[in-house]
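Keeping their order, the protein sequence lines are chains A and B.
Residue 6 is where the first sequence starts when you use our numbering, and the numbers rise one by one after that.
Residue -6 is where the second sequence starts when you use our numbering, and the numbers rise one by one after that.
Step one of this worksheet: look at the structure below.
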Amino acid sequence: MTSSFRLPDLGEGVHEAEILALSVSPGQSVREGDIIMEIETDKAAVEIPSPFSGTVSELLVKVGDMAVVGDVLITFTTKESATTDNSAAVPDTAAVDTGRNQRPVPASPSTRRLARELGVDLHEVTPSGSGGIVTKEDVESHAAKKTDSEPATSEPEPGPPQEPAGMQPATGRTGLPDFAKWGEIERLPFRSIRRATANQMTSSWTQIPHVHCQDNVDITRLEAFRQKHKTEIEAAGGRLTMTLFAMKAVTTALKNYPYFNASLDLQAQEIVLKHFFNIGIAVDTDHGLLVPVIRDVDRKSIKELAVEVDGAITRARAGTHSREEMQGGTFTITNAGALGGSQFSAIINHPEVAILGLGQGRMQPAVITDERGRDEIVPRLIMPILLCFDHRVVDGADAIRFLRLVIDALEDPDELLITMI
Amino acid sequence: MGDMEMNTDLLVIGGGPGGYGAAFRAADLGFDVVMVDQLPRPGGGCLHRGCIPSKTFLHLAELILDARGAKRMGLGFAEPHLDLSAMRAWKERVIDKVADGLETLAKRRGILLVQGQARFDSSNSVRLEGAEYSRIRFKQGIIATGSRPLEIPGVPLMPGGRIMDSAAALMLPDIPQSLLVVGGGYVGLELGSVYGAFGSRVTLVEREDRLLTQVDADLVQPMQHRLSKLMTDILVGVELTEMQENDEGVDVRFTLAGKSERRRFDRVLVAIGRIPNSDDLGLEHTGISLDTRGYIKIDDRQRTTDHHLFAVGDVAGGVMLAHKATREGRVAAEVIAGQKSGFDARAIPAVVYTDPQISWCGLTEREAKAGDIPYVVQKFPWKYSGRAQTMGMTDGFTKLLTEPQSGRILGVGICGRNAEGLISEAALAIEMGATAEDLALTVHPHPTLSETEAEAAEIFQGSPTHMLPASK
């Protein structure tokens, strides 16, 4: 008779979603497969088809609500006689003591509460108390060790989404002053892309020891090359941007320095080298920062890439991109140049190992030594470039070599073409 | 009565220990709480039909038995005079006092109390019957509707009839000449004791082959011995075949050891268990699922399968005890407030308020054997306790179940006077992961019954003070 539509499991690591649009209203009849709502998860909008045929009896969410996997969103009246729902996909919650057949670990109730709060399994803690009793201090030091050594890829907890430390509001009050005392304020929900970005940045900044290398690239010749070929690329439906050249140059550098195309798996104590080159492009959109991933950059021509990147950026700005499009990157490029930015720093897109930043190319006086050894000051188009890397995986010397390779390729289009072969 | 609708953050259905435990905690955590109950005042079955009224009468029963027992110590009393209407009024005053307190606590916390029967018409709203509001919409809900006495199939309980459930028996309609108690669980034993002390000839029948089937047999034995003097008959392995109420009494036919017997009683108390109040809640309009026995399925955070609805207390299964419900209610409120709370108690103490009392917590020998958990037992008989001697209560004992090597305390069972008060130390010891050594090294005041716990722990150490070690 009554069927409940629950927020289905949306894939690995996704626990909640924002309701973007509801396409049905109470009393409306729907057929299985009809789109009933649009939700946003992890920076991507997804249309949800109805698993039932029937009449909508009640909408339990409204646009803008956050829903957790398993929440009932819509109830339907269906013709089938039994009460059903789509909850099969909802995982059962694990018990507090993982492994019911394990004997309880001796620990006081307050210690057990602390363990629950810190997400510590008491069975894994080395006890210091007499006869194997686990103390509060044992739990605390175990939790500290865990955060030191464990990347954010720890097993997702069912229910509330796991957020990196520093993203969790302190229980109780916010600890912020009452800003309204000093003037008018507005409080906005911290959700969706803004929150996903905050999560990602917090785990990156708190887990990765970042090091930056800055340099300048003389792109006078590359810019001339770009101007020359711009129209033919446009004719093919793409845009020939500095980012494209950077993608190609980076891919060559990644092939030479594979540790920059890697991820650190602390749990397994291994470095994961990736034999594919998927480059993420940071895109500024009205709804926030998105990083569509361009796959197999090494196997695509500049023209193909120009079309593909342009399409990805358009979709990201329109919000029509898919979740899959945002996943699987091995390295990220962020280009602040188009917006007029010059020097800046960047945060690595965790769990990648490095990120390349481009500033705006500006005409600057440069010293050129001609073939007869005479120095001369000439106006050149100079672009700031930066490489930010994870010092756990790679060292400064390799970073400089990596960046040098990218710079050399960008300074000389011939060199770039040669390295691409 | 009207068509008024109300909105709230949190709706708590049921005003018993689970419900008010949840409501109070949630209000303290900053929630806007409405608590609905069918009864006009908070407290639930515990306050109005169970724990509190039964203990009021059990206290009087204990006074009678103690006065009687004082005779052999040289102190004689006249036979007690029972003024039933005054006793009923006393019980009502006790209930009123406690309800006053609960109401004040709820009001001062800003909790709105609504009387009425709530039934879900969706996952986020209930319809109310017999209330000033017709509908309440809520963001999250806690179901704490408790349980009710199970009836014998085909034996209807009429209001004012001779066949009573525990709630009717606590109305103390009269002191019947003869009373049949059906059920050898704690309700039957306690209320049977009350009526026995008040002067009824009590026959207690139990279908299983022993009383208090969930309790270790050795703990039951001294209680059963004493109770067999207070009651006319305690019969186990009894199968009831017929029960007929008429003007003269209740005609009961049962089989015992293959023989069919027929007896007439003035009244019958049916105390054969309790069933969860989950059937008339409109749960079909929610995503909640029930187990085969009608209990609401929950996880260790009290969440039902409909994740913004929580269930606590009897309706959520497990042991049907008020203190367990209260803790569960507090856990539910904390989880709703976003805390990483969970129900992980290792020792939920249980007390049977007979004379002598029985209490236990943590592991029982039955569970240890069933679960193949290694344990050793230390038993300290109360005949070695000076304090028990002064009270003439020497037939009880205190026993510990400990882990063989570490001496970690796994379970404690007590049979004797004030077992209710002694069990909390055991619960703390188990929750803290204490060992027999910890308990033995904790200085206990002399002379008290609490010493028996330390002495039992000293047995594990091989050197109890007031009895000889096993080697001597």
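By construction, the Cβ of each residue, glycine as well, lies at the ideal position given by its N, Cα and C atoms.
These figures come from a predicted structure and were not determined experimentally.
So, helix, strand or coil for residue i, using DSSP?
i, result
"B/Gln214", "helix"
"B/Arg256", "strand"
"A/Arg231", "helix"
"B/Met28", "strand"
"A/Asp183", "coil"
"A/Lys67", "coil"
"A/Val73", "strand"
"B/Asp114", "strand"
"B/Gly404", "strand"
"A/Gly164", "In this prediction, A/Gly164 scores a pLDDT of 43, lower than 50, which makes its location untrustworthy; the coordinate-derived value is nonetheless stated afterwards. Correct three-state label for A/Gly164: coil."
"B/Leu51", "helix"
"B/Pro374", "strand"
"A/Glu440", "Chain A is shown only over 6 to 426; residue 440 of chain A falls outside these bounds and no answer can be derived."
"B/Gln454", "helix"
"B/Phe17", "helix"
Which chain B residues sit within Cβ distance under 7 angstroms of residue i?
i, result
"A/Ile138", "Gly426"
"A/Val77", "Ser116, Gly280, Asp299"
"A/Ala112", "Gly426"
"A/Thr202", "Neighbours of A/Thr202 on chain B: none; closest Cβ ~22 angstroms, over 7 angstroms."
Strictly below 7 angstroms CB to CB, what residues from chain A border residue i?
i, result
"B/Arg339", "Pro109"
"B/Asn0", "Chain A residues near B/Asn0: none, gap ~14 angstroms exceeds 7 angstroms."
Which value, in whole angstroms, describes the spacing of the CA atoms of residue i and residue j?
i, j, result
"B/Arg267", "B/Gly322", "20 angstroms"
"B/Ser193", "B/Leu3", "47 angstroms"
"B/Asp202", "B/Ile104", "47 angstroms"
"B/Ala381", "B/Pro440", "9 angstroms"
"A/Val74", "A/Leu12", "5 angstroms"
"A/Leu410", "A/Lys233", "24 angstroms"
"A/Ala49", "A/His292", "11 angstroms"
"B/Val213", "B/Ile407", "10 angstroms"
"A/Thr211", "B/Asp431", "43 angstroms"
"A/Ala72", "B/Tyr188", "56 angstroms"
"A/Thr290", "A/Arg322", "5 angstroms"
"A/Pro182", "A/Thr60", "49 angstroms"
"B/Ala137", "A/Asp315", "58 angstroms"
"A/Gly80", "A/Val51", "Checking the displayed sequence, the identity of residue 80 of chain A turns out to be Thr instead of Gly. Roughly 20 angstroms between the two C-alpha positions."
"A/Ala251", "A/Phe184", "44 angstroms"
"B/Thr78", "B/Ile227", "The sequence given here places Ser at residue 78 of chain B; Thr does not occur at that position. Distance between the alpha carbons of B/Ser78 and B/Ile227: 29 angstroms."
"B/Ser334", "B/Val328", "6 angstroms"
"A/Gln205", "A/Asn354", "7 angstroms"
"A/Asp220", "A/Lys279", "27 angstroms"
"A/Arg108", "B/Thr285", "28 angstroms"
Residues of chain B with CB under 9 angstroms from residue i, in chain order?
i, result
"A/Thr60", "Correct list: empty, because the minimum Cβ distance to chain B is about 14 angstroms."
"A/Arg196", "Those within 9 angstroms of A/Arg196 in chain B number zero; the least Cβ separation is about 16 angstroms."
"A/Ser9", "Ser116, Thr279, Gly280, Asp299"
At 8 angstroms on the CB atoms, spell out the chain B contacts of residue i, in chain order.
i, result
"A/Val73", "His300"
"A/Leu65", "Ser115, Ser116, Asn117"
"A/Arg117", "Asp337"
"A/Thr236", "Going along chain B, no residue has its Cβ under 8 angstroms from A/Thr236, so there is no contact; the nearest lies around 57 angstroms."
Does the Cβ of residue i have 16 or more other Cβ atoms within 10 Å, making it buried, or fewer, making it exposed?
i, result
"A/Leu27", "buried"
"A/His396", "exposed"
"B/His300", "buried"
"B/Gly37", "buried"
"B/Glu358", "buried"
"A/Phe195", "exposed"
"B/Gln133", "buried"
"A/Ser434", "Outside the displayed range of chain A (6 to 426) lies residue 434 of chain A, so it cannot be described from this structure."
"B/Phe131", "buried"
"A/His326", "buried"
"B/Gln217", "buried"
Going along chain A, which residues have a C-beta under 8 angstroms from residue i?
i, result
"B/Arg18", "Within 8 angstroms Cβ-Cβ: nothing; B/Arg18 doesn't reach chain A, min ~14 angstroms."
Please list the partners that residue i has in chain A, where partner means a Cβ-to-Cβ separation under 9 angstroms.
i, result
"B/Arg401", "Pro111, Gly136, Gly137, Ile138"
Does the beta carbon of residue i fall short of 8 angstroms from some heavy atom of the ligand NAP?
i, result
"B/Gly306", "Only the bare structure without any ligand can be found here, which leaves the ligand NAP out of the picture."
(message) Going residue by residue through the segment 276 to 360 of chain B, where are the continuous alpha helix (DSSP H) segments of at least 4 residues, counting only ones entirely within it?
(response) 315 to 329
(message) Quick check for students: name the residue ranges of the alpha helix (DSSP H) that lie wholly in the segment 234 to 316 of chain A, counting only runs of 4 or more.
(response) 247 to 261
(request) Enumerate, from N- to C-terminal direction, the unbroken alpha helix (DSSP H) stretches of 4 or more residues contained entirely within the segment 407 to 446 of chain B. (result) Counting whole runs of 4 or more residues, the segment 407 to 446 of chain B contains the alpha helix (DSSP H) stretches 412 to 424, 429 to 434.
(message) Ignoring anything shorter than 3 residues, give me the beta strand (DSSP E) runs that lie fully in the segment 160 to 234 of chain B, in order along the chain.
(response) 171 to 175, 194 to 199, 226 to 229
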